[in-house]
Each structure stands twice: as C-alpha cells, then as structure tokens.
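Protein sequence lines, in the order shown, are assigned to chains Z and F.
Taking the working numbering, the leading residue of the first sequence gets 19, the next gets one more, and so forth.
Taking the working numbering, the leading residue of the second sequence gets 19, the next gets one more, and so forth.
Okay, so here's the structure we're looking at.
Number of protein chains: 2
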Amino acid sequence: MENKIILDGKRVADTVKEKLQPRVEKLKEKGIVPCLATILVGNDPSSATYIRMKGNACKKIGIESKKIHLPEETTTEQLLQTISDLNADEQVHGILLQHPVPEHIDERLAFDTIAINKDVDGVTSTGFGETAFNFGRYPSCTPAAILQLIDFYQLPLEGKHAVVIGRSPILGKPVSMMLLNRNATVTTCHSKTIDLPTIVRQADIVVAAVGKPNFVQGDWIKEGAVVIDAGYNPGNIGDVDYEACSKNAGAITPVPGGIGPITISMLLNHTVKSAEESI
Amino acid sequence: MENKIILDGKRVADTVKEKLQPRVEKLKEKGIVPCLATILVGNDPSSATYIRMKGNACKKIGIESKKIHLPEETTTEQLLQTISDLNADEQVHGILLQHPVPEHIDERLAFDTIAINKDVDGVTSTGFGETAFNFGRYPSCTPAAILQLIDFYQLPLEGKHAVVIGRSPILGKPVSMMLLNRNATVTTCHSKTIDLPTIVRQADIVVAAVGKPNFVQGDWIKEGAVVIDAGYNPGNIGDVDYEACSKNAGAITPVPGGIGPITISMLLNHTVKSAEESI
Numbered sequence: 019m020e021n022k023i024i025l026d027g028k029r030v031a032d033t034v035k036e037k038l039q040p041r042v043e044k045l046k047e048k049g050i051v052p053c054l055a056t057i058l059v060g061n062d063p064s065s066a067t068y069i070r071m072k073g074n075a076c077k078k079i080g081i082e083s084k085k086i087h088l089p090e091e092t093t094t095e096q097l098l099q100t101i102s103d104l105n106a107d108e109q110v111h112g113i114l115l116q117h118p119v120p121e122h123i124d125e126r127l128a129f130d131t132i133a134i135n136k137d138v139d140g141v142t143s144t145g146f147g148e149t150a151f152n153f154g155r156y157p158s159c160t161p162a163a164i165l166q167l168i169d170f171y172q173l174p175l176e177g178k179h180a181v182v183i184g185r186s187p188i189l190g191k192p193v194s195m196m197l198l199n200r201n202a203t204v205t206t207c208h209s210k211t212i213d214l215p216t217i218v219r220q221a222d223i224v225v226a227a228v229g230k231p232n233f234v235q236g237d238w239i240k241e242g243a244v245v246i247d248a249g250y251n252p253g254n255i256g257d258v259d260y261e262a263c264s265k266n267a268g269a270i271t272p273v274p275g276g277i278g279p280i281t282i283s284m285l286l287n288h289t290v291k292s293a294e295e296s297i
Numbered sequence: 019m020e021n022k023i024i025l026d027g028k029r030v031a032d033t034v035k036e037k038l039q040p041r042v043e044k045l046k047e048k049g050i051v052p053c054l055a056t057i058l059v060g061n062d063p064s065s066a067t068y069i070r071m072k073g074n075a076c077k078k079i080g081i082e083s084k085k086i087h088l089p090e091e092t093t094t095e096q097l098l099q100t101i102s103d104l105n106a107d108e109q110v111h112g113i114l115l116q117h118p119v120p121e122h123i124d125e126r127l128a129f130d131t132i133a134i135n136k137d138v139d140g141v142t143s144t145g146f147g148e149t150a151f152n153f154g155r156y157p158s159c160t161p162a163a164i165l166q167l168i169d170f171y172q173l174p175l176e177g178k179h180a181v182v183i184g185r186s187p188i189l190g191k192p193v194s195m196m197l198l199n200r201n202a203t204v205t206t207c208h209s210k211t212i213d214l215p216t217i218v219r220q221a222d223i224v225v226a227a228v229g230k231p232n233f234v235q236g237d238w239i240k241e242g243a244v245v246i247d248a249g250y251n252p253g254n255i256g257d258v259d260y261e262a263c264s265k266n267a268g269a270i271t272p273v274p275g276g277i278g279p280i281t282i283s284m285l286l287n288h289t290v291k292s293a294e295e296s297i
C-alpha cells in the first residue's frame with residue numbers, strides 16, 4: 019500500500035499534553051493543584067514501574083501525584099478504607115488503583131468503591147455504564163486513547179465494521195461500546211470465538227486487546243483496514259504482528275509508540291478535568 | 019425444516035412464575051410482602067396499559083404493587099424526590115419508572131436515582147455496568163427474558179455468533195453484553211449498519227430489538243439459526259417477519275407469546291429476589 023499511515027501515538031499524546039499545560043496553569047492561578055492519588059498494593063515490579071511512569075508523566079505537566087504504597091498483606095477492608103479516605107480528601111481529584119492487586123483482595127469491590135467523580139482511570143461499573151450510555155465522564159483510559167487516535171487522524175467510524183478482539187472490563191468491553199456509540203457496527207471476539215480470522219477479515223477497523231504477543235496475523239487483515247494494537251506484553255510487544263499486518267493495513271499503530279503514550283495522556287486529561295470540575 | 023422449534027414464551031414464563039409462588043409464601047410467613055412500586059408520569063395510554071398489566075401480574079402471585087401516578091407537568095426535581103422517598107421506604111423492594119416520561123424530564127437522571135438494590139427493572143447505569151461485568155443483580159428485564167428462554171430450551175451459546183439488531187440502553191446493549199458473557203461472539207448492529215442482511219446471514223442467533231414492525235426478512239436468516247424477536251410494535255407486531263423467517267430458522271419466537279410474557283416474569287422474579295435480599 020502506498021498511502022499507508024503509521025499512526026503515531028506519541029504525536030497524539032504530545033498534542034493532548036500541550037493542551038493540558040495551560041489548563042493546569044489556570045487551575046494553579048486559582049489555588050488548585052490537580053492531584054492524582056495512585057495506590058499500589060504489594061510488590062509487583064511491573065506495577066511499580068507503571069506507577070512510577072504515571073507519576074513522572076503527572077510531574078511533567080504540573081499535576082501532583084500522591085503515591086500510596088500498601089503492603090502485600092493489605093486486606094480488602096483496609097484497601098476500601100484507603101479509597102474512602104481519598105474519596106473524602108478534597109485535595110485529591112483522581113484515584114488510580116493499580117491493577118492487579120494481590121489475589122486475596124476483592125479487586126472489583128475496591129474499584130467500585132472509587133467515587134465516580136474521581137474515577138479518572140475509568141474502572142468503576144458505574145463509569146462503564148455511563149460510558150456505554152454515552153455520557154461517561156472518564157472512560158477507561160486505553161479505550162479513550164483509541165478514540166483519541168481515531169479522531170486525531172480523522173478516521174471515519176460511522177457505518178464501519180469494527181472487530182474488537184478481547185472483552186476485558188477496561189478495554190474490550192468499553193471500546194466496543196464507545197465504537198458503537200460512534201455508529202460503527204461492532205463485533206466483539208474473544209478466546210471462545212470460532213474462526214476468528216474469517217471474522218477479522220471483514221473488519222474495516224481491528225482493535226487488538228487480547229494480551230497475546232503478535233497474535234493478529236497478516237492474512238487476517240483486509241486491504242486498507244485500520245489496525246489498532248492496544249496490547250502490551252512483556253518486552254514491549256504488541257498483540258499485532260506488525261510487519262505482517264502492515265502489508266494490507268491502510269493505517270496501523272506501532273508498539274511501542276502507539277496507544278501506550280496516549281493512554282497516559284488520557285489519565286492526565288481526566289485528572290485535570292476532574293480538578294476543573296471540583297471548582 | 020422438520021425439527022423447527024417454536025420457542026414458547028408463555029410456557030417459559032409460567033415455569034418462572036410457578037417457582038415464584040412458594041418463595042412469595044415463604045416471605046409472607048416471615049411478615050414480608052414483596053412490593054413493587056410503579057411510577058407513571060403523564061397520561062400516555064399505552065404506558066397506563068403496561069402499568070396495569072404489570073400490576074395484575076404482581077397481584078396474581080401475591081406481590082403488592084404500589085402505584086404512583088404523577089401528573090404530566092411533574093418536574094425532574096419532583097420525580098427525583100418521589101424516587102428518593104421510595105428508595106428510603108423499607109416496604110418497597112422494587113421501583114419501576116415507566117418509560118417514556120414526558121420530554122421535559124431528565125429520564126436518565128431519574129433512572130439513575132433509583133437505588134441499585136431496588137433497580138428490579140434494570141435501568142440504572144450502575145446496573146448495566148454490573149450486568150456487563152457479569153455480576154449484575156437485576157439485569158434489564160427483556161435481555162434477562164431472552165437469556166431465560168435460551169436456557170429453558172438449552173440452546174447453546176458458547177462460540178456461537180450472535181447478531182443483535184438494536185443498541186438501546188435497556189435492550190440491545192445489555193443483551194449484547196450478556197451474550198458476550200456467555201461466550202457468544204457478538205455483533206451489535208443498528209440504523210447506521212451497512213449491509214445488515216449480509217451480517218445477519220452469518221448469525222447463529224439473531225436478536226431483533228429494533229422497534230420496526232416485520233423488519234427482519236426471511237432471506238436474512240441462515241438455515242437453522244435461532245431467531246429471537248424482542249420487538250413490540252403497535253398492534254402486537256414483532257420486529258421479525260415471522261412467516262418468512264420461519265422457513266430457515268431452526269428455532270423462533272412468535273409475537274405475541276414470545277419474549278413479552280417472560281419479560282414480565284423477570285420483573286416479578288427480580289422483585290421477589292430483592293425482597294428476599296432485604297431480610
């Protein structure tokens with residue numbers, strides 16, 4: 019394909035962040051410092067890395083981050099108490115509970131304890147429902163990033179057939195609903211889907227959110243299709259076999275440098291928005 | 019087709035209601051009378067009919083119904099107050115706000131004011147999110163009815179391709195999520211879908227929830243497919259051209275006598291369950 023577009027996530031993220039800077043300054047003039055509270059439970063090294071990355075990203079644009087690190091043996095009740103305290107803390111505008119928490123904790127209950135007006139990471143059941151019903155304040159960040167990318171490149175959605183591979187609560191399900199709200203016809207696939215290649219071959223837009231490295235194959239991609247890789251696997255490998263899928267794709271995201279950077283910018287954007295709405 | 023199954027909704031509904039009777043008696047022995055509060059705003063005659071039908075269905079199995087009829091000129095604020103009062107009323111186990119309310123009222127806000135533990139009609143954003151995440155207490159009643167029918171007839175879902183036509187908050191979206199949670203591959207279509215017939219022809223299961231009389235055509239149906247008509251249009255006409263679709267369908271719901279009667283039984287079931295959980 020001659021006119022293939024490499025969808026540059028870093029460029030999209032930079033554009034988002036540029037627009038945030040003056041909003042943060044405006045808030046500070048009013049005496050408000052946007053603040054994201056992050057909660058890390060236990061000692062998972064990649065989770066610690068993610069938290070650090072998010073903290074750094076906050077710092078760069080002037081968002082304060084309040085880092086809470088709880089020990090591995092934290093009980094569900096203790097975690098809920100921490101979240102309730104942050105819900106009540108007027109200095110805190112967003113709450114991010116790093117997934118996964120240790121297995122003995124009821125993660126869903128913890129997520130759903132986050133106040134809806136501070137759910138900047140888009141993890142609550144209520145937040146999901148509001149997103150699905152098209153009035154969500156803070157959609158889950160990766161789906162929001164996918165839509166941001168699509169809009170940045172003005173890729174049409176109406177009447178297009180989108181095939182989403184994956185059905186997780188923070189990715190496959192919300193992005194399916196968001197694409198549906200933008201008038202795409204949406205097929206959601208998963209591990210029990212029969213003959214996935216045939217279904218993906220019909221897609222005008224493929225969203226890979228399956229968590230399996232290089233899972234999506236080149237001959238699954240229809241000529242000219244948009245291929246969005248929302249996967250992140252160890253070693254910074256996406257869910258899409260990039261080289262192979264590039265052949266037919268009309269537009270494609272690389273990994274790294276695709277959806278990842280935009281996701282963090284969405285988190286920042288939601289935190290700033292929450293601070294603005296706290297006035 | 020020789021082995022075509024006519025999916026008999028009345029039979030499914032009767033089976034549900036038979037099982038409710040002893041549960042209601044048990045509650046009454048404990049001094050609890052399950053109570054559904056219905057709110058009708060304005061004077062729409064079909065809404066008044068629906069409310070009456072639901073009230074009668076409650077009565078038949080011993081559920082009390084508390085009928086609230088508000089005038090056409092009710093404000094959003096007044097309606098929210100009524101709902102809040104019912105939320106606080108320990109005698110009330112379920113709240114049903116009849117759709118549609120007059121246009122000047124914020125219906126979504128009203129729905130979302132219903133307490134989640136009394137949302138027996140499955141209309142809140144939170145209830146939808148919980149259903150989508152597969153731990154919903156009271157899914158929206160028509161989608162719940164569709165699943166009840168499927169399970170009654172032991173129709174397999176895993177790996178099947180379900181095509182849902184419609185994306186409303188109480189029907190197309192929740193049934194899509196429920197079928198997905200049962201391991202179907204789900205395509206959600208709507209008015210902006212291009213070449214709907216070709217998509218429907220791939221379906222092992224077709225759910226018509228579009229609100230257009232006799233919309234689904236006979237030659238859209240794959241040989242042996244399950245055809246579920248969740249439509250209700252004036253004159254008791256479904257969304258499916260029954261005669262034409264019967265030819266290829268392996269199983270099909272009639273209208274009337276299909277999903278309709280089961281829907282009401284789901285409402286009763288949720289109300290009894292809510293009363294049981296109030297203990």
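The beta carbon of each residue, even a glycine, is placed where N, CA and C say it ideally should be.
All of these numbers come straight from a predicted model, not from anything done at the bench.
Against chain F, the beta carbon of residue 165 of chain Z has no neighbour under 7 Å; the closest one sits roughly 17 Å away.
DSSP places residue 241 of chain Z outside any beta strand (DSSP E), giving it a letter other than H or E. Scanning chain F for C-beta atoms nearer than 7 Å to the C-beta of residue 143 of chain Z yields 144, 147, 148, 151, reported in chain order. The secondary-structure analysis by DSSP pairs residue 84 of chain Z across a beta bridge with Z:55.
Below 8 Å, too few C-beta pairs join the stretch 64-81 of chain F and the stretch 132-148 of chain F to call them touching: fewer than three. Contacts with chain F at 9 Å (Cβ-Cβ) include residue 204 of chain Z. For the stretch 220-248 of chain F, the beta-carbon criterion of a distance under 8 Å to any beta-carbon of chain Z is satisfied by none of its residues. Only residues of its own chain outside the window of five on either side were considered, and among them 269 have a CB closer than 6 Å to the CB of residue 23 of chain F, listed in chain order. When C-beta atoms of the stretch 279-286 of chain Z are compared with those of the stretch 152-160 of chain Z, three or more pairs fall below 8 Å, so the two segments count as touching.
The three-state reading of DSSP puts residue 247 of chain Z in strand, counting E and B together.
Burial of residue 187 of chain F is indicated by the presence of at least 16 other C-beta atoms within 10 angstroms of its C-beta. Within the model, the alpha-carbon separation for residue 117 of chain Z versus residue 51 of chain F is close to 43 Å. Listed by position along chain Z, the residues whose Cβ is nearer than 7 Å to that of residue 198 of chain F are 185, 206.
Across the structure, residue 255 of chain F and residue 110 of chain F are spaced so that their CA atoms are roughly 34 Å apart. The beta carbon of residue 43 of chain F sits closer than 8 Å to those of 80, all from its chain and outside the five residues before and after it, given in chain order.
Going by C-alpha positions, residue 253 of chain Z is about 10 Å away from residue 274 of chain Z. Three or more beta-carbon pairs separated by less than 8 Å are not found between the stretch 187-197 of chain Z and the stretch 176-183 of chain F, which leaves the two stretches without contact.
Neighbours of residue 217 of chain F in chain Z, taken as residues at a C-beta separation under 9 Å, are given in chain order as 179, 203, 205, 220. Per DSSP, residue 226 of chain F is one residue of the beta strand (DSSP E) stretching across 223-226. Taking 9 Å as the CB threshold, residue 83 of chain Z stays off the interface with chain F. According to DSSP, residue pairing for residue 112 of chain F in a beta bridge involves F:54.
Residue F:97 holds the alpha-carbon nearest to the alpha-carbon of residue 130 of chain F among F:97, F:262, F:210.
In this structure, the straight-line span from the alpha carbon of residue 165 of chain F to that of residue 30 of chain F is close to 11 Å.
Chain-ordered listing is empty here: chain F has no CB closer than 9 Å to the CB of residue 125 of chain Z, the nearest sitting near 11 Å. With respect to the C-alpha of residue 203 of chain F, the residue from F:220, F:76, F:289, F:55 having the closest C-alpha is F:220.
Under a 10 Å Cβ-count criterion, residue 152 of chain Z is classified as exposed, with fewer than 16 other Cβ atoms of the shown protein chains found around its own Cβ. Relative to residue 249 of chain F, the option among F:233, F:264, F:240 whose CA is nearest is F:233. Leaving aside the five residues that flank residue 107 of chain Z on each side, the residues in its chain whose CB is nearer than 8 Å to its CB run, in chain order, 55. Excluding sequence positions up to five before and after residue 259 of chain F, its CB lies within less than 7 Å of the CB of 232, 234, 235, 236, all in the same chain and listed in chain order.
A residue is called buried when at least 16 other Cβ atoms come within 10 angstroms of its Cβ; residue 77 of chain Z does not meet this threshold and is exposed. In the structure shown, residue 288 of chain F adopts helical secondary structure according to DSSP, grouped into three states. Interface flag for residue 194 of chain Z against chain F is set, since a Cβ pair is found closer than 9 Å. Between the C-alpha atoms of residue 246 of chain F and residue 206 of chain Z there is a straight-line separation of about 20 Å. Residue burial annotation: residue 64 of chain Z is exposed, with fewer than 16 other C-beta atoms found within 10 angstroms of its C-beta. Cβ-Cβ distances below 8 Å link residue 238 of chain F to 214, 215, 218, 219, 224, 263 in the same chain, with the five nearest sequence neighbours on each side left out; the list follows chain order. Between residue 184 of chain Z and residue 208 of chain Z the beta-carbon gap is near 7 Å, inside 8 Å, which marks them as a contact.
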